[in-house]
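J.: Residue numbering for the sequence shown is 311 to 452, as defined by our numbering.
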Amino acid sequence: MDGHPIENLMKSTMENIKNMIDVDTVIGNPVSAPDGTTIIPISKVSFGFASGGSEFKDTNLDSSNRHPFAGGSGAGISLKPVGFLVVHKNTIRFLSVTEYNPYDKIIDAMPQAIDMISGLFNKDKANGDNYSEVYNPCDPCD
Numbered sequence: 311m312d313g314h315p316i317e318n319l320m321k322s323t324m325e326n327i328k329n330m331i332d333v334d335t336v337i338g339n340p341v342s343a344p345d346g347t348t349i350i351p352i353s354k355v356s357f358g359f360a361s362g363g364s365e366f367k368d369t370n371l372d373s374s375n376r377h378p379f380a381g382g383s384g385a386g387i388s389l390k391p392v393g394f395l396v397v398h399k400n401t402i403r404f405l406s407v408t409e410y411n412p413y414d415k416i417i418d419a420m421p422q423a424i425d426m427i428s429g430l431f432n433k434d435k436a437n438g439d440n441y442s443e444v445y446n447p448c449d450p451c452d
């Protein structure tokens, strides 16, 4: 016995959406520049779908003894470019295509901040400072 007609509509809609949306839609194919830089486009994809139908009274049975059915389905997809991931030698940067966003600066500054902090720890170890003083607020002051 076949499934309900609405099941077939939903299945067909979902299969078509699945064919349209894949990893290459969100993260595009990398493009290599002659200087060794690789550029990867990044997009934001939103989608939705709806299906619905109606069966009619028993008096309207067709020759297959199935209720007449009317239905439909639809889908909507939004694809918005967000930016580009640029890989060059040992650096990775995200170039946004939207207006200035303060979070972009924070993300761009993270590698330098990590290098600076690790450099401070390595500098202390090189000077023989392998201890740390712990402040205990419960200790009486001298």
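Note that beta-carbon positions come from the ideal geometry of N, C-alpha and C, so glycine has one too.
Rounding to the nearest angstrom, what Cα-Cα distance links VAL392 and VAL355 in this structure?
T.: When rounded, the distance between both Cα atoms is 10 Å.
J.: Starting from the Cα of ASN400, find the closest Cα among LYS321, ILE352, THR347, GLY362 and give me that residue.
T.: Answer by Cα proximity: THR347.
J.: When you compare only the Cα positions, how much space is there between THR461 and PHE359?
T.: Here the chain has residues from 311 to 452 only, and residue 461 is not among them.
J.: Could you spell out the range, first to last residue, of the beta strand (DSSP E) harbouring LYS354?
T.: First-last of the beta strand (DSSP E) with LYS354: 348–365.
J.: Do SER353 and LEU405 have their beta-carbon atoms positioned less than 8 Å apart in this structure?
T.: Contact flag unset, no.
J.: For SER442, does the three-state DSSP call read helix, strand or coil?
T.: The predicted model places SER442 with a pLDDT of 49, which falls under 50 and marks its position as unreliable; any figure quoted below should be read in that light. In the structure shown, SER442 sits in coil (DSSP, three-state: anything other than H, G, I, E or B).
J.: For a test of the three-state rule: what should DSSP assign to THR401, helix, strand or coil?
T.: The answer is strand: DSSP assigns THR401 an E or B state.
J.: Between which two residues does the alpha helix (DSSP H) containing THR323 stretch?
T.: Taken as a continuous stretch (DSSP letters only), the alpha helix (DSSP H) holding THR323 covers 315–330.
J.: Are there 16 or more other CB atoms within 10 angstroms of the CB of MET330, so buried, or fewer, so exposed?
T.: Looking at its Cβ environment, which holds fewer than 16 other Cβ atoms inside 10 Å, MET330 is exposed.
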